[in-house]
Every structure is written in structure tokens, then in C-alpha cells.
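Below is one structure, written out as C-alpha cells; comments come after it.
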Amino acid sequence: MNDALATAVAVERAPRARVEQLQLERVRRVIALISERVPLYRERLGRAGVRAEDVRSLADLRGLPFTTKADFRDTYPFGMLAAPLEDVVRIHASSGTTGKPTVVAYTRRDLDVWTEVMARTLLAGGVGRADVVHNAYGYGLFTGGLGFHYGAERLGAAVVPISGGLTERQITALRDFGATVLCCTPSYSLHLAEEAGLTSKDLKLRVGFFGAEPWTEGMRQAIESRLHLMALNIYGLSEVIGPGVSVECPERRGMHVAEDHFLPEIVDPVTLQPTPPGLTGELVLTTLTKEALPLLRYRTRDLTALDPGPCACGRTFVRIGRIVGRSDDMLIIRGVNVYPSQIEHALTQIPDLEPHYLLVLRRERALDTIEVRVECRAETAAAGEAALGALATRAQRRILEVVGLTAEVAVVPPKTIERSVGKAKRILDLRAEGEGARNS
Ligand code: DLL
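Now the structure itself:
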């Protein structure tokens with residue numbers, strides 16, 4: 005490990021007072037930067053009368069305005085950037101709430117920070133030069149693939165950049181290249197285990213980093229017993245950097261937040277007031293070192309709790325518990341974030357369809373599937389089966405374009421989807437039944 009990385013790793017065990025002093029200095033710098041460079045923040049902080057020098061303690065952060073996903077939509081594509089495009093060297097994107105993605109950008113230094121936090125993430129699982137890292141997170145606009153890639157390379161491990169999908173090829177590579185580290189979504193790891201069958205015992209896997217979607221302790225047990233590895237939970241989100249925000253240590257009692265780069269708070273999602281330590285609320289993150297896309301109090305919508313207590317591993321960085329839900333309606337299907345409003349947006353662009361739909365979620369052989377049932381117009385219903393089939397194909401293509409996910413589409417006759425008196429019921433989630441069947 006070289007000096008810079010060794011120093012970065014040492015900070016994970018620094019006394020709390022030093023960590024908090026560092027955070028305060030960095031928060032002030034972030035506020036000065038965004039007030040100068042980002043019109044949205046200049047206006048918002050100006051209206052609140054906040055200047056960097058007014059923030060005298062971390063507690064003062066509580067009075068500052070939040071940032072939300074809607075801010076990205078309203079300033080699409082580059083309005084949130086604090087650096088000129090000339091200084092941007094990478095762009096990624098994640099799902100927006102409607103047709104437009106959420107765009108995120110990185111300067112050269114941001115990529116260095118991301119690489120560092122990902123190297124530290126992998127170090128938490130003991131990854132080093134002798135390891136072969138099978139990276140089945142998607143490469144592309146999704147941050148998972150490249151995030152893990154650079155972190156693993158930084159440690160001198162051998163990366164297999166296999167990306168997602170083509171399961172048979174994955175199993176051959178896992179076996180033939182002697183992978184010791186597995187990086188993918190927890191559901192995909194179970195799918196791999198199922199496809200590899202009993203031979204998974206022959207694999208050399210030692211540790212896995214699973215995240216990008218919610219999972220449970222039950223799933224951890226299933227993954228560990230089927231793939232014979234230690235399964236660690238990793239959390240992150242594109243807006244904030246991608247993977248690398250927090251990861252479990254081998255104690256596996258919550259995920260340490262990389263607090264020298266990201267400052268966590270938990271707030272009540274309704275009152276937006278801080279919740280006491282240990283109570284579940286919405287995770288809010290402030291970036292402390294990012295140049296292209298610094299964010300002040302970003303509402304992640306992820307529900308979890310903070311554990312500031314000491315950890316047997318010696319790290320002093322606080323931990324967040326498993327993500328237990330969302331304070332909005334975002335779904336995660338095979339690692340892809342999906343908002344029902346995006347699907348609605350896609351469907352309403354097809355004139356022969358009615359805006360009455362139901363999303364049916366199932367779990368088949370460890371993988372989530374989504375079926376979109378949508379009503380057609382009365383005139384179209386009479387056009388015959390071939391016409392309805394063609395309509396379903398059109399809808400499927402449009403959903404793939406907007407959401408980036410293949411959904412099964414069933415076009416059904418008008419007025420066959422149940423209407424509700426209050427809030428429309430758009431989601432029928434049958435996944436727990438699938439999971440039960442799989443674990444039994
Ligand atoms: O999922 C980044 C990532 C890649 C994390 C690889 C871990 C591993 P997004 O596509 O922007 O980024 O999705 C972020 O996914 O707000 C959570 O709702 C969910 N999520 C991420 N990690 C976990 C986890 C990446 N460990 C959104 N448990 C977040 C539960 C998770 N949910």
C-alpha cells in the first residue's frame with residue numbers, strides 16, 4: 005500500500021474529535037464553493053442568509069437547506085455542477101423520477117477520491133494484490149462497474165471486468181480464473197449460486213461485496229452457505245459518488261460511512277428534524293471533498309439508523325444499519341432503480357394505451373422480474389390479438405428506452421384493472437413469496 009492510501013486508511017481509526025474537526029473544515033469549504041459556483045445553492049443559501057463562516061459547529065448544519073432529486077431534474081443536465089465542463093473527466097447517470105436521468109459528473113480529483121474510497125471498501129474485506137476480483141456489477145452509466153474496477157486496480161488486485169449478465173460465461177470465468185472476490189448485487193449472487201449448482205464448492209471465493217439493492221440477513225445466510233464466502237454489505241448512490249459511501253467491516257454490524265468524505269445525518273422524513281441516534285429515519289448526506297458535484301444535505305430517501313458506538317474493528321467512523329426501506333416509491337429491479345412514474349411516463353407516450361396500469365413484481369430463480377399490465381383504449385381492444393401483441397411490444401421497447409429495463413408487458417382490455425377509491429394501487433409485490441420458496 006503506498007503512503008497516500010495508508011494515510012487515508014489511518015483516518016478511519018482517528019479519534020472522533022479529529023474526524024469532526026476535519027468534517028467542519030470541509031463543510032465550510034463546501035459551502036463557500038457551492039455559494040460561489042452553483043446558482044441553485046447561491047440563491048438558496050442567500051435566501052437563508054447562510055455564509056460558510058456562520059457554520060461554527062457540525063450542529064449548525066441542521067439549519068441549512070436540503071438538496072433533493074428534484075433539484076437534479078430542475079437543473080438537468082449540468083446545472084448542479086460546481087466545476088466547468090472542461091474540468092469534468094467522467095459522466096455517469098442514474099434513474100430520474102420521469103423521463104430524464106439524473107446526471108452526475110467527476111473531475112480528475114473526484115475520480116481519485118472515488119478510487120480511494122473504493123480501495124478502502126475492498127480493504128475492509130481484506131482484498132489485496134493476490135486477489136482475483138470478479139466484477140459483475142454493470143459497466144456503463146451505472147456507477148457500480150467502474151467504481152469497483154478502479155478501487156480493485158488501485159489495490160493491485162487482478163480485475164475481471166465481466167459486467168452483468170450472460171450467467172454461463174460468468175460461471176466459467178469464476179471457476180477458470182480462480183476468482184477470490186465477488187462483486188455483484190445480492191440477488192445476482194444467489195442466481196449465480198443456483199446456476200453454478202453444487203460445483204460452487206469448487207470455487208475459490210473468499211469474500212463478496214453485495215449492494216445496490218435492499219437485502220436481508222436471511223439472504224446473507226443463503227449467499228454465504230451457497231457460495232462459501234463472507235458476504236459484506238456495501239451502500240452508495242450515484243448522486244453522492246456511487247459505491248464507496250459505506251461498507252461493512254468483517255464484524256458485520258452496520259456499514260462504516262467514509263466520514264472524511266461524506267457527512268451522514270438521519271432525519272425524520274416527515275418533519276425533517278434530526279432523529280436521535282439509533283432511531284430509523286431518512287439518511288441525508290453532505291459531500292465533503294467533491295469538486296464537480298458537491299451536495300449539501302442530500303435527501304437520499306433511504307431509511308436506516310446511525311450507530312455512533314465503538315466497533316470492535318477499531319474504525320471510529322459511524323455505521324449505518326441495513327437500508328430498511330425508502331421514503332419514496334422507488335423500486336430496485338435487478339439492480340436498476342425504477343420509479344413507477346418513469347413507467348407511467350413511457351406508457352402515456354403511446355396513444356393507444358390508457359393511463360391505467362399495475363406493476364407486478366415477482367422473484368424467479370433469485371432474480372426480480374416486472375410485469376406491466378396496462379389497459380388499451382376501447383377502439384384498440386377490438387383490433388384483434390395481433391394488434392394487441394404489437395402494442396405490447398411497442399410499450400416494452402418504450403419502457404426499455406426510458407427505464408433501461410426489460411419488462412414483460414400485458415395489454416389488457418379497458419376497465420379490467422382494479423380502480424381504487426383513494427391512492428391508486430400501482431404495485432403488486434409478490435417477491436417475498438418467491439424468496440420464501442427459494443429459501444425453503
Ligand atoms: O446502486 C451504487 C452502488 C453500486 C452501490 C454498487 C453498491 C454497489 P444508484 O444506482 O444511484 O447507485 O442507486 C442508489 O440504491 O439510494 C439505495 O436505495 C439503493 N442501494 C444501494 N446500496 C444498497 C444497499 C448504486 N447496500 C440506491 N442496500 C440507493 C440497500 C441499496 N439499498
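To convert, take the position in the sequence shown, counting from 1, and add 4; that gives the numbering used here.
For every residue, glycine included, the Cβ atom is placed at its ideal position computed from N, Cα and C.
Taking the Cβ atoms as the reference, residue 259 lies roughly 5 angstroms from residue 324, within the contact range of under 8 angstroms.
When the Cα atoms are used, residue 136 and residue 221 turn out to be separated by approximately 26 angstroms. Looking at the DSSP output, residue 375 bridges to 364 and 412. In terms of Cβ geometry, residue 157 and residue 164 do not form a close pair [threshold 7 angstroms]. For residue 241, the CB falls within less than 6 angstroms of some heavy atom of the ligand DLL. Residue 376 and residue 120 have their C-alpha atoms spaced approximately 41 angstroms apart. The closest heavy atom of the ligand DLL lies 6 angstroms or more from the beta carbon of residue 332. One thing to note: residue 117 has its Cβ no nearer than 7 angstroms to the Cβ of residue 263.
For residue 199, the enclosing alpha helix (DSSP H) has its first and last residue at 190 to 200. DSSP places residue 157 in the helix class (H, G or I) of the three-state scheme. If you compare the alpha carbons of 269, 73 and 184 with that of residue 66, the shortest gap goes to 269.
DSSP places residue 270 inside the beta strand (DSSP E), whose first and last residues are 266 to 271. Boundaries of the alpha helix (DSSP H) around residue 76: 73 to 78. Separation of residue 316 and residue 255 (C-alpha to C-alpha, rounded to the nearest whole angstrom) is 7 angstroms. Secondary structure of residue 252 (DSSP, three-state): strand. Residue pairing of residue 337 in beta bridges, as defined by DSSP: 340. Proximity of the segment 342 to 358 to the segment 384 to 400 meets the contact definition, three or more beta-carbon pairs being nearer than 8 angstroms.
With 16 or more neighbouring CB atoms inside 10 Å of its own CB, residue 35 falls in the buried class.
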